[in-house]
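Engineer: Have a look at this one.
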Amino acid sequence: MRHLISPQDFSVEEIDELLALAGRIKADPKKYSHVCDGLKLATLFYEPSTRTRLSFETAMINLGGSIIGFSDAANSSVSKGETVADTIKIISIFADIIAIRHPKEGAALVASQNASVPVINAGDGGHQHPTQTLTDLNTIYSLKGRLGGLKVGFCGDLKFGRTVHSLINALVRYPDNEFVLISPDELRVPSYIKNEVLGNSGHKFTEVDKLEQVIGDLDILYMTRVQKERFFNEEDYIRLKDRFILDAEKMKIASPEMLVLHPLPRVNEIAVEVDSDPRAVYFKQVEFGVYARMALILMLLGLDKEV
Amino acid sequence: MLNISGLNDGIVLDHIQAGMSTELAKHLGLDKLDCQVAMIRNCKSKKMGKKDIIKIEGGLDVVNLDVLGYFDHNITINIIRDGHIVEKKSLKLPTRLVNVIKCKNPRCITTVERSLPHIFTLTDEATQTYRCLYCEEAANK
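Top line first, the protein sequences correspond to chains A and B.
Sequential numbering of the first sequence, starting at 792, is according to my numbering.
Sequential numbering of the second sequence, starting at 3, is according to my numbering.
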């Protein structure tokens, strides 16, 4: 039984396979529209995340499958005190594949240990969000044609931003990437990412606190939101949220081939004026996310070779 | 000089870092054993200057070697039979710890689902870093 709990659960070869499949689906979506006929995806969302849930549900519907699940723990048996293990054992009877989002770190792993069907981690607190990583990889691969030899800048909240940690973890597996970490001192990448992931990988990385300093050299700029819910006090949030805003002025310094990615939702870290710039691909990214999830569902259900 | 009678059958945990025997005894659950246990603190040691020693009557199965390896893998274990050392064991860092240490990350699933075992795995041998299997938070000794 295969699950996807952390982006590292898939080898580089498997990710390459998945991205190739996502590309084939994008090229001919109709060909895949009945592969999952009669199959059910359960979306178990213990905390709200409309975008991720709808992306999963769209992916399954596009494949011909159906959806069951809940979008809020208050409306489920969780509110009566049921454990993740028990919920998953029961849902495994109803569904063929499960996508789970939970506010506690490690909840998806617990789910996979108790499931009799494949489990996809749709985000476990501030820990992992592997399908966002697949979305990011699919966007970069589809638009740049490669996942190595790139200079990638990460900007904003690099301390709490799990999408950043996961993408760094994924990109260190490809050769000749260079990382530029752009953030205020308070929101630097955690030391374990610097020491155990970047340090051990041998990839070059630098830390800076001004976006203008480095934007001209980047192939990819990955922007992130300073998330209010990750702060313990509002003053810190208000003080930091307006820093590192990407606007048309800064885009003028950037290379004509640079791509701007963002896991969304955006608050004000990217000025709306940037949206019309062809290098801004964060809305396309959402579309690439659906194809990546479709490919993932097929791979985990063992249907990837069916079409 | 303090005299503690020799063991006929049992184990001697030697080269414990001075002052650590009480903590170790707690983690090994020695207070729950009904056999003879002797804890000797701050013995003179050529190698360490000062060291602690724990003598336990009975077989090796009374102690959890993973616990010992995690807390101090420099401890040596002498196995005593008929009053003589018949075997000396050295410890390795265990690769996996189950219910030896608890995850202190308030965001970890183990904080809300109390029946889950607390599992840590060795992720970096050089720095002796253990991380929670669920949330990957590093353990602090």
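Using N, Cα and C, we set each Cβ at its ideal position, and we do this for glycine too.
Because the structure is a prediction, the values reported are computed rather than measured.
(1) In whole angstroms, what is the alpha-carbon distance linking Ser974 of chain A and Leu95 of chain B?
(2) Could you pull the start and end residues of the beta strand (DSSP E) that His86 of chain B belongs to?
(3) Where Gly12 of chain B and Leu35 of chain B are concerned, what is the direct C-alpha to C-alpha distance, given to the nearest angstrom?
(4) So, helix, strand or coil for Val14 of chain B, using DSSP?
(5) Is any heavy atom of the ligand GDP found at a distance shorter than 6 Å from the C-beta of Asp84 of chain B?
(6) If Lys1075 of chain A sits next to Asp1010 of chain A, beta carbons under 8 Å apart, how far is it from one beta carbon to the other, in whole angstroms?
(7) Tell me the DSSP secondary structure of Ile55 of chain B in three-state form.
(8) Taking any Cβ of chain A, which residues in the region 130-141 of chain B have a Cβ under 9 Å from it, in chain order?
(9) Using a beta-carbon distance below 7 Å, is Lys871 of chain A in contact with chain B?
(10) What does DSSP give as the partner residues of Val943 of chain A in its beta bridges?
(11) Would you say His920 of chain A lies against chain B (beta-carbon separation less than 7 Å)?
(12) What residues from chain A crowd round Val114 of chain B, counting only those whose CB sits closer than 7 Å?
(13) Considering only their Cβ atoms, is the gap separating Asp967 of chain A from Gly939 of chain A smaller than 7 Å?
(14) Relative to chain A, which residues along the region 90-123 of chain B have a C-beta separation below 8 Å, given in chain order?
(15) How would you label Ile1029 of chain A, buried or exposed, when you count the other beta carbons within 10 angstroms and need 16 or more for buried?
(16) Is the CB of Thr874 of chain A under 7 Å away from at least one CB in chain B?
(17) Along the chain, where does the alpha helix (DSSP H) that runs through Glu25 of chain B open and close?
(18) Taking Cβ to Cβ, would you say Asp54 of chain B is nearer than 7 Å to Ala20 of chain B?
(19) Express the C-alpha separation of Glu805 of chain A and Pro894 of chain A in angstroms, rounding to a whole number.
(20) At least one CB of chain B closer than 7 Å to the CB of Val980 of chain A: is that the case?
(21) Checking contacts by CB at 7 Å: is Gly990 of chain A closer than that to chain B?
(22) Can you check DSSP and say which residues form a bridge with Lys831 of chain A?
(23) Starting from Thr123 of chain B, follow the beta strand (DSSP E) in both directions and report where the run begins and ends.
(24) Among residues of its own chain, excluding the 5 on either side of Arg116 of chain B, which ones have a beta-carbon nearer than 8 Å to its beta-carbon?
Structural biologist: In short:
(1) Distance between the alpha carbons of Ser974 of chain A and Leu95 of chain B is about 37 Å.
(2) Annotation: the continuous beta strand (DSSP E) that includes His86 of chain B extends over 86-92.
(3) The straight-line gap separating the alpha-carbon atoms of Gly12 of chain B and Leu35 of chain B is approximately 13 Å.
(4) The answer is strand: DSSP assigns Val14 of chain B an E or B state.
(5) As far as ligands go, the structure on display features none, and thus does not contain the ligand GDP.
(6) That belief does not hold up - the Cβ atoms of Lys1075 of chain A and Asp1010 of chain A are roughly 16 Å apart, past 8 Å.
(7) It is a strand residue.
(8) Flagged, chain order: Thr131, Arg133, Cys134, Leu135, Tyr136, Cys137, Glu138, Glu139, Ala140.
(9) It does not; no Cβ of chain B falls within 7 Å.
(10) The partner list for Val943 of chain A (beta bridge, DSSP) reads A:Phe970, A:Ile1011.
(11) Taking Cβ atoms only, chain B never reaches closer than 7 Å to His920 of chain A, which makes this a no.
(12) Residues of chain A with a Cβ closer than 7 Å to the Cβ of Val114 of chain B are, in chain order, Lys895.
(13) Their beta carbons are under 7 Å apart, which means Gly939 of chain A touches Asp967 of chain A by this criterion.
(14) Within the region 90-123 of chain B, the residues whose Cβ lies closer than 8 Å to some Cβ of chain A are Asn107, Arg109, Cys110, Ile111, Thr112, Thr113, Val114, Glu115, Ser117, Leu118, listed in chain order.
(15) Taking every protein chain shown into account, the CB of Ile1029 of chain A has fewer than 16 other CB atoms within 10 angstroms, so this residue is exposed.
(16) Put simply, the CB of Thr874 of chain A is near chain B, with a gap under 7 Å to one of its CB atoms.
(17) First-last of the alpha helix (DSSP H) with Glu25 of chain B: 23-30.
(18) Yes, the pair counts as a contact, with Cβ atoms nearer than the cut-off.
(19) Pro894 of chain A and Glu805 of chain A: Cα-Cα distance of roughly 28 Å.
(20) The Cβ of Val980 of chain A sits no closer than 7 Å to any Cβ of chain B.
(21) No - not a single Cβ of chain B is within 7 Å of the one on Gly990 of chain A.
(22) The partner list for Lys831 of chain A (beta bridge, DSSP) reads A:Ser857.
(23) Thr123 of chain B -> beta strand (DSSP E) spans 121-126.
(24) Once the five neighbours on either side are set aside, Arg116 of chain B has no close Cβ partner at all.
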